[in-house]
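Engineer: Input: one structure, supplied below.
Number of protein chains: 4
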Amino acid sequence: MAANIHKNGEVIADVTTHPATKRAVESHARCLDLARLPEYQSLLVTKSTLTGHKILRFNSLMCTPDDMIANMKLKRLNYHTTGSCVGGMCVGWNAFNTMWAVTADIDKESGSDYHENLKKWLIQTEAQGLLVSGALTDAKGNRSLKASQQSDLDVNLRVVEKRPDGVVVRGAKNMICSVCASDEIFILPGNAYKEEDKDFALSFVVPRDIAGLTIVEARRPSDDREYQNGFDVPDTGPAQSYLFFEDVFVPNERLFMCGEYGHTGKVIQYFTANYRACIGACVSGQGDVMIGAAVNMARANGLSYKTFMDKLIQMSANNETTYGIGAGAIALGKKDDAGVWVADSLIAHTNKIHVATLPYETKRLCQEIGGGIVETGCMPSYKDFTNEEYGPLIRKYLKAGDCSAESRARTARLAEWLTIGAGVPGCMHGGGSPDGARLVVRANTPFEQYAEYAKKIAGVEEDLKDPVAAKK
Amino acid sequence: MAANIHKNGEVIADVTTHPATKRAVESHARCLDLARLPEYQSLLVTKSTLTGHKILRFNSLMCTPDDMIANMKLKRLNYHTTGSCVGGMCVGWNAFNTMWAVTADIDKESGSDYHENLKKWLIQTEAQGLLVSGALTDAKGNRSLKASQQSDLDVNLRVVEKRPDGVVVRGAKNMICSVCASDEIFILPGNAYKEEDKDFALSFVVPRDIAGLTIVEARRPSDDREYQNGFDVPDTGPAQSYLFFEDVFVPNERLFMCGEYGHTGKVIQYFTANYRACIGACVSGQGDVMIGAAVNMARANGLSYKTFMDKLIQMSANNETTYGIGAGAIALGKKDDAGVWVADSLIAHTNKIHVATLPYETKRLCQEIGGGIVETGCMPSYKDFTNEEYGPLIRKYLKAGDCSAESRARTARLAEWLTIGAGVPGCMHGGGSPDGARLVVRANTPFEQYAEYAKKIAGVEEDLKDPVAAKK
Amino acid sequence: MAANIHKNGEVIADVTTHPATKRAVESHARCLDLARLPEYQSLLVTKSTLTGHKILRFNSLMCTPDDMIANMKLKRLNYHTTGSCVGGMCVGWNAFNTMWAVTADIDKESGSDYHENLKKWLIQTEAQGLLVSGALTDAKGNRSLKASQQSDLDVNLRVVEKRPDGVVVRGAKNMICSVCASDEIFILPGNAYKEEDKDFALSFVVPRDIAGLTIVEARRPSDDREYQNGFDVPDTGPAQSYLFFEDVFVPNERLFMCGEYGHTGKVIQYFTANYRACIGACVSGQGDVMIGAAVNMARANGLSYKTFMDKLIQMSANNETTYGIGAGAIALGKKDDAGVWVADSLIAHTNKIHVATLPYETKRLCQEIGGGIVETGCMPSYKDFTNEEYGPLIRKYLKAGDCSAESRARTARLAEWLTIGAGVPGCMHGGGSPDGARLVVRANTPFEQYAEYAKKIAGVEEDLKDPVAAKK
Amino acid sequence: MAANIHKNGEVIADVTTHPATKRAVESHARCLDLARLPEYQSLLVTKSTLTGHKILRFNSLMCTPDDMIANMKLKRLNYHTTGSCVGGMCVGWNAFNTMWAVTADIDKESGSDYHENLKKWLIQTEAQGLLVSGALTDAKGNRSLKASQQSDLDVNLRVVEKRPDGVVVRGAKNMICSVCASDEIFILPGNAYKEEDKDFALSFVVPRDIAGLTIVEARRPSDDREYQNGFDVPDTGPAQSYLFFEDVFVPNERLFMCGEYGHTGKVIQYFTANYRACIGACVSGQGDVMIGAAVNMARANGLSYKTFMDKLIQMSANNETTYGIGAGAIALGKKDDAGVWVADSLIAHTNKIHVATLPYETKRLCQEIGGGIVETGCMPSYKDFTNEEYGPLIRKYLKAGDCSAESRARTARLAEWLTIGAGVPGCMHGGGSPDGARLVVRANTPFEQYAEYAKKIAGVEEDLKDPVAAKK
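Protein chains in written order, with the numbering used here: chain P, 77 to 548; chain C, 77 to 548; chain G, 77 to 548; chain X, 77 to 548.
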């Protein structure tokens with residue numbers, strides 16, 4: 077592939093070996109390897125509803141609750157395997173499922189060929205077993221203005237030219253997961269748009285190294301350690317990119333929406349409902365590894381993990397909460413006319429609120445159990461640990477429980493990485509903020525109906541209305 | 077029926093008219109009436125898997141996730157309709173579903189006829205559309221001793237005599253919901269027993285007014301208001317009873333377990349998993365009515381409910397949390413060999429922790445929105461409100477928003493009733509305590525497996541074991 | 077005293093014997109009795125700064141941090157003694173301290189005699205050792221309108237006539253604590269008023285039984301039990317009243333503000349700062365009794381209280397939180413020019429937020445430890461407990477730990493009373509709502525200064541301003 | 077000073093210029109500079125109670141509540157100035173105040189000269205205005221064994237030889253704040269010891285560069301950025317060190333405890349009570365800067381900070397909570413016979429629980445307000461930001477509100493640094509863990525007394541005792 081990824085001022089020639097990206101690639105590789113193990117095969121491999129062939133799960137259409145619950149289970153497994161985000165098996169998958177439904181709607185309305193285009197692309201993608209990352213979040217610019225009101229229109233990805241054989245797009249998608257490990261990037265519109273913003277109603281798919289696309293990897297906490305040797309950071313890890321489209325040409329057969337603003341609302345609704353249902357499994361999977369790290373730290377400190385049982389139970393309950401609500405949102409969902417499953421919006425967004433909150437408690441408990449060297453990773457570095465002169469002193473004084481100082485240090489570094497380091501995936505704003513989720517909860521709560529229930533039980537017969545002048 | 081129910085030192089001749097029980101009866105009646113409305117019929121009525129006939133939903137076997145989700149939906153609807161617990165459509169239903177699986181096991185093991193007995197009873201019960209309450213909780217006696225160690229063996233319901241045609245039982249079941257509104261009472265063992273406690277491994281069903289059974293209604297907060305006229309308490313409401321069995325004879329055909337202690341663990345496991353999955357819908361249903369009461373109070377105070385939108389969103393998110401986790405526990409459940417569905421234990425017990433916690437926040441928010449007259453119902457009584465002499469002063473000074481003082485007072489009384497009055501159903505310990513649920517979370521969390529994940533990601537290769545001497 | 081107190085439609089001839097008021101009177105009597113015990117004397121008795129005589133603490137001016145901390149300590153002691161609110165030693169005390177400062181201001185500004193009037197009244201009150209309740213909260217009417225905008229102007233207490241020797245007032249003060257046990261009632265304006273509302277800027281003191289004043293006791297949770305014999309309710313308890321002033325004449329020498337609206341802001345500021353600092357001791361005192369009730373319940377159930385140690389520690393930490401913040405607000409306060417101490421507003425209102433929140437958790441934990449019979453008091457009534465026929469069955473089956481069934485029932489009833497019964501004092505809205513407190517926190521947080529700190533540390537040199545058009 | 081500090085395998089020749097330490101030095105310098113400003117002088121400078129001379133506040137004895145509240149205020153100011161821990165004005169100060177009381181006790185008991193030694197040292201320290209860091213936490217080794225049971229006795233700092241003119245000590249003190257910026261290090265025993273552990277009962281003071289002491293700086297989150305140019309990290313910052321004592325000689329006149337194990341309990345009690353009272357000001361000071369960073373981020377995103385007012389109020393209330401409880405613990409403290417003030421233990425340790433909890437919520441809210449680029453600092457690095465080729469793209473797409481992209485990036489990096497970066501000071505375990513604090517809350521809560529209050533109010537007359545066999 078062409079080298080269009082950069083970090084710290086340099087271009088990355090080979091993503092599989094460059095320190096800035098090799099951990100993200102390793103994460104995906106480890107998870108893909110699981111497909112070969114009998115116990116995981118049914119989770120990683122499924123039958124295509126399009127061709128009947130065996131395909132990778134994350135290339136499939138999710139048509140039943142069980143299909144979508146498998147999405148959740150795969151995410152949890154990925155976190156168990158790598159400790160953090162394996163985004164190439166996540167957003168893109170969800171994105172093309174969303175567009176499966178939306179392209180059917182658009183075609184029905186306007187006689188376009190989007191759905192057929194998508195189907196062709198998907199059959200090919202299934203056959204090749206490609207990793208497809210997904211990109212939703214625009215640079216956005218001023219948060220109090222609409223896309224068409226921005227002084228620089230490019231801050232939201234937009235079509236700048238239409239040609240007979242395709243379109244030219246310009247703009248940025250920010251904070252996109254695992255692009256460096258992916259083959260393709262699937263683009264969704266970043267918002268529900270009205271007519272004046274129709275140039276931003278865009279969905280398409282491009283190869284990761286398409287001409288005109290510049291990718292810059294984001295700096296993350298403690299990411300310089302990824303350039304160093306030693307155990308101060310694990311061998312796996314996430315990656316997030318900024319994508320800059322400078323007049324990129326997208327051919328018609330890879331275009332799934334271009335100007336049909338009236339359908340962007342459904343894109344956002346379907347994508348967020350499904351994404352926020354399933355994301356509960358991500359944080360529970362990482363939380364499970366935090367439980368494991370806490371158990372190991374207790375032992376490395378010379379204590380039984382049972383000393384901290386009430387905290388461990390709380391961590392586990394937190395994990396099962398977001399996992400359980402996610403499964404609940406799926407179970408209470410419905411099938412779209414186009415055949416794909418859609419999770420319940422109200423429950424899914426309730427989950428997002430928890431996803432943005434509970435992991436902070438789980439991290440706190442992990443740090444509380446682990447002790448001071450976990451809380452901020454407050455230990456000398458690997459270089460010091462192995463220093464010839466005073467390294468022996470460090471090892472002498474870091475030893476605690478019935479294991480080597482190195483095992484204790486490695487475990488503490490893992491806990492640091494999970495709770496305050498490069499392993500933190502960023503679940504609060506990933507896929508949208510909790511305040512956005514609260515607005516959906518608001519919109520889906522039938523306040524007037526509940527008020528009627530209360531009136532009936534209380535025996536109130538007159539109308540109770542909001543004051544006319546009341547605002548806010 | 078025979079008059080075997082008492083309260084406040086008197087016997088209750090007619091449960092439908094006596095002030096101590098008529099609200100519970102009214103609650104059940106209102107919900108049953110919904111079966112006649114087209115929009116609710118499919119929820120209240122279903123097809124028997126035994127006979128193919130149309131039956132009341134709460135008489136049915138739950139064989140699919142959708143069957144069990146319908147249980148949840150019915151509970152939420154019942155709370156919407158009555159504001160509180162409609163227990164005659166709840167515990168008994170769950171209890172006979174549990175015994176459907178367990179009796180099959182026992183019969184398979186020992187050649188007994190329990191399953192066939194249960195089937196016959198259920199077909200008859202379906203046909204007659206009976207309300208069946210369920211009873212699990214024994215008096216228990218000293219909480220640090222086992223059943224067979226108690227100084228008074230009767231504190232757990234037990235068999236005291238076996239006859240050719242049946243058995244004689246003695247003991248108590250405490251805090252049993254909606255008995256006064258029910259036709260039958262279905263009994264489960266209150267614990268998972270070992271061999272020394274086999275006399276307590278008992279399951280059977282009896283008519284509510286069987287000879288030898290004395291029922292005393294429990295006093296609940298503000299329940300004296302139920303003896304008075306006026307609007308200080310709604311027309312609906314819950315009821316809880318103490319059941320005293322003084323050598324009650326149970327014929328063999330109504331006996332479903334008698335001594336088979338080895339199967340009591342599964343009774344507890346199945347019953348609690350299903351009950352705690354579905355109970356999330358109870359607290360969400362009551363929470364919805366609290367939202368409604370809060371909206372109405374804001375307006376009755378002269379304010380828009382939008383003033384309190386962040387609190388209302390939090391209340392709604394709380395409701396959807398327990399509802400969503402419940403649905404998730406069901407979706408992640410499995411089918412028992414006997415055909416009934418069983419919810420996932422870990423998720424269901426995680427839900428119980430929330431059911432015992434979140435409603436306290438929802439109540440607090442309802443009181444916070446409603447103001448001082450809601451918090452403790454701090455207003456003069458109905459008698460004062462309607463007093464000839466100074467009643468006009470009360471009405472003058474209780475008027476606030478654009479409605480009558482009476483509507484404001486009624487709404488405040490409803491909120492009081494829901495949050496600190498007779499309407500509080502007692503969800504913390506209902507069906508078992510949250511600490512019990514935490515033990516199940518503990519037992520179902522694979523700590524060692526999680527520790528292995530963490531070791532692998534951290535690159536720790538040596539064993540990390542608990543200290544040998546560690547206890548607790 | 078004249079009989080001007082009513083409840084449930086009847087007049088109360090003797091507050092010390094009538095069931096509706098005798099518990100509140102008993103509460104005050106028990107606390108007053110403590111003055112005779114050497115270990116409590118220094119808390120209940122102090123030296124008058126006006127006369128140098130020994131006086132009851134709650135008749136004193138609070139001029140130092142220690143004086144105000146003694147207020148806190150007395151409140152906690154009162155709750156330890158009675159389990160609930162002893163309001164006759166609370167609001168009035170705080171009210172006249174507030175007016176001590178404000179009357180000095182007014183007199184200085186306008187040459188009036190309010191301060192001297194207050195001093196004379198206070199010396200007399202000290203000498204007689206009177207109980208003075210305090211009243212702030214007006215009926216208020218429509219919450220979205222100002223006092224002068226209400227359709228019925230009386231919904232806020234106001235002056236309707238000025239005479240040479242005094243004024244005539246009309247209106248209502250609602251939800252006023254412990255009036256029935258008090259000798260006098262000290263009135264403060266219920267809000268910070270502007271000029272158009274000057275008729276509501278009123279402060280004065282009246283005897284409890286003054287002509288033209290009608291008092292109606294509020295109904296509280298489970299308060300009918302107070303009319304019954306037995307142990308379903310303790311012998312102590314709170315009381316809250318509605319006060320209706322129908323053209324009551326207040327002589328000049330008992331008038332401390334009448335129209336000086338410009339000083340009402342300081343009344344509210346001083347009163348709430350001090351009140352909300354000290355109220356932390358109320359909820360901690362009641363929380364201590366909840367700890368005690370939980371310990372006793374554990375034992376009555378046959379368990380060691382240590383089984384629940386983590387919950388008990390949390391309860392204790394909650395209690396010490398509101399107590400500690402209260403003491404902190406006092407320590408960070410300042411002396412007013414008139415000599416009285418004023419707590420720090422920001423810290424005091426932060427405390428109010430906790431006072432409106434933490435007790436709900438403490439109650440929940442008390443119910444969680446106590447079990448189902450605590451949660452909603454789910455046991456047969458005293459009448460049933462002592463019933464000749466089936467009372468023995470109840471007592472047989474309520475016995476659990478190494479004590480009588482009666483001790484267990486009494487303890488459960490206490491816990492019910494504290495957490496969901498007549499003992500709940502109503503701390504969320506008492507003395508103002510937590511949302512009001514949040515507004516004070518907002519007003520006292522120097523957001524722009526904090527923004528400057530952040531800019532300096534971040535090295536940001538340009539101005540960062542709010543968008544011009546931004547509203548809300 | 078001798079170069080005995082190391083990091084990343086290299087020795088640090090000059091702490092004021094080396095990237096690993098210069099930020100900690102800068103932090104102290106900025107705060108010391110405040111002493112020259114009139115508005116801060118009274119906080120930074122006070123009068124010595126020993127000599128009457130003007131001295132730096134952090135060299136003083138704290139003899140009154142106001143002295144200790146000044147400690148709190150200084151800490152909050154330091155955080156406002158530097159954004160993080162300025163430890164050279166903290167632990168040492170508290171440590172010598174503690175030993176002021178304890179040495180007096182020891183001398184009284186055994187006729188030693190410790191107190192006089194301390195006094196001489198303190199007068200000299202005051203005169204020179206030295207920065208004294210403090211060290212309490214030993215390496216500890218196996219957490220389930222006592223000091224004398226460890227296989228390597230050195231894991232707790234101990235005396236290995238007594239000479240006529242002093243003692244030789246060996247061992248380690250880990251995670252010690254701001255040593256690199258300090259002149260001296262004041263040592264306290266790390267635990268309350270019994271006789272078998274008397275060799276660990278050690279207190280003394282040494283110059284930072286004493287012979288035999290090897291110091292290694294701990295690696296902290298994202299600390300490699302401190303070696304780089306640009307704005308990815310602020311110019312200030314904390315530092316924590318590991319101190320390895322390899323047979324260091326301490327002369328008698330700098331020795332304040334050596335073997336008097338019976339007094340170690342009071343050392344721990346006094347130190348933790350005062351430290352945990354005052355540490356509330358640290359987290360509130362950093363929380364204030366988080367409020368500022370959140371306000372700035374909102375604006376840099378194009379929004380008014382008022383959009384997030386409810387979250388900002390919560391952040392402020394969190395800050396005032398730990399500050400207020402700290403002040404309360406001080407106000408409720410007492411004077412030791414030796415003249416120094418000691419905070420109330422129960423309230424101070426309650427504060428520690430909040431200090432270990434509330435900042436996590438404050439950080440979460442800061443991240444929630446700031447958006448995705450704050451949550452994990454998910455932006456390209458400074459090197460990318462200023463890259464000639466694609467830097468303009470980054471700047472184009474990071475611009476949002478009415479300020480430069482650089483100001484937005486700087487502010488986001490500050491928020492990252494405060495919440496998930498090198499600025500996080502480690503308050504959960506700093507000065508001891510919250511579980512340790514909970515044990516103190518447990519030990520100081522009079523459970524039996526509270527149980528008696530509850531019995532009296534409930535009318536329970538018989539004894540309620542814990543079951544004999546109950547353990548745990």
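Cβ atoms here follow ideal geometry from the backbone N, Cα and C, with glycine treated the same way.
Quick one: list the residues of chain G neighbouring F320(C), beta-carbon separation under 9 Å, in chain order.
Structural biologist: Within 9 Å Cβ-Cβ: Y466, L469, I470, K472, Y473.
Engineer: With 9 Å as the threshold, decide whether the Cβ of K547(G) is near any Cβ in chain C.
Structural biologist: At K547(G), the pLDDT of 42 sits below 50, so the modelled position is not reliable; the number obtained from the coordinates is stated separately. Answer no: the Cβ-Cβ gap between K547(G) and chain C never drops below 9 Å.
Engineer: In whole angstroms, give me the CA-to-CA distance for Q117(P) and R152(P).
Structural biologist: Cα to Cα, the separation comes out at about 15 Å.
Engineer: Reducing DSSP to helix, strand and coil, say where E437(X) ends up.
Structural biologist: The answer is helix: DSSP assigns E437(X) an H, G or I state.
Engineer: May I ask which residues mark the beginning and end of the beta strand (DSSP E) holding I291(X)?
Structural biologist: Segment 289 to 293, the beta strand (DSSP E) holding I291(X).
Engineer: With respect to the beta strand (DSSP E) encompassing I263(P), which residues constitute its N-terminal and C-terminal limits?
Structural biologist: 260 to 263 is the span of the beta strand (DSSP E), which, as asked, contains I263(P).
Engineer: For H505(C) and chain P, any beta-carbon pair shorter than 9 Å?
Structural biologist: No, its Cβ sits nowhere closer than 9 Å to a Cβ of chain P.
Engineer: What three-state label does DSSP hand A393(C) in the structure shown?
Structural biologist: The answer is helix: DSSP assigns A393(C) an H, G or I state.
Engineer: If you compare alpha carbons, which of L422(X), A277(X), A476(X) is closest to G447(X)?
Structural biologist: Of the candidates L422(X), A277(X), A476(X), the one whose C-alpha sits nearest the C-alpha of G447(X) is A476(X).
Engineer: Where do the N-terminal and C-terminal ends of the beta strand (DSSP E) with R239(X) fall, by residue?
Structural biologist: Here the beta strand (DSSP E) through R239(X) covers 234 to 239.
Engineer: Taking DSSP as the reference, what is the three-state secondary structure of L278(P)?
Structural biologist: Strand, per DSSP.
Engineer: What residues are listed by DSSP as bridge partners for Q316(G)?
Structural biologist: Its beta-bridge partners are C253(G).
Engineer: Just confirm the distance between the C-beta atoms of S103(G) and V162(G), as a whole number of angstroms; I'd bet it's less than 8 Å.
Structural biologist: Yes, they are in contact, since the Cβ atoms of S103(G) and V162(G) sit about 5 Å apart, within 8 Å.
Engineer: State the Cα-Cα distance for the pair E237(C) and E271(C), rounded to the nearest angstrom.
Structural biologist: Straight-line Cα distance between these residues: approximately 18 Å.
Engineer: According to the Cβ coordinates, are G335(G) and V245(G) closer than 9 Å?
Structural biologist: Contact: no.
Engineer: Using beta-carbon positions only, say whether T201(C) and K249(C) come within less than 9 Å of one another.
Structural biologist: In this structure, K249(C) does not lie closer than 9 Å to T201(C) by Cβ.
Engineer: Among residues of its own chain, excluding the 5 on either side of G497(X), which ones have a beta-carbon nearer than 6 Å to its beta-carbon?
Structural biologist: Answer for G497(X): P297, S298, listed in chain order.
Engineer: For F307(P), report the span of its beta strand (DSSP E) as first-last.
Structural biologist: Premise fails: F307(P) is in no beta strand (DSSP E) and is neither H nor E.
Engineer: I want to verify the contact list: residues of chain C whose CB lies under 7 Å from the CB of P435(P), in sequence order.
Structural biologist: Simply none; closest approach about 15 Å.
Engineer: Of the residues that make up the region 449 to 460 of chain P, which ones have a beta carbon closer than 9 Å to any beta carbon in chain X?
Structural biologist: Result list: I449, V450, E451, T452, G453, C454, M455, P456, S457, Y458, K459, D460.
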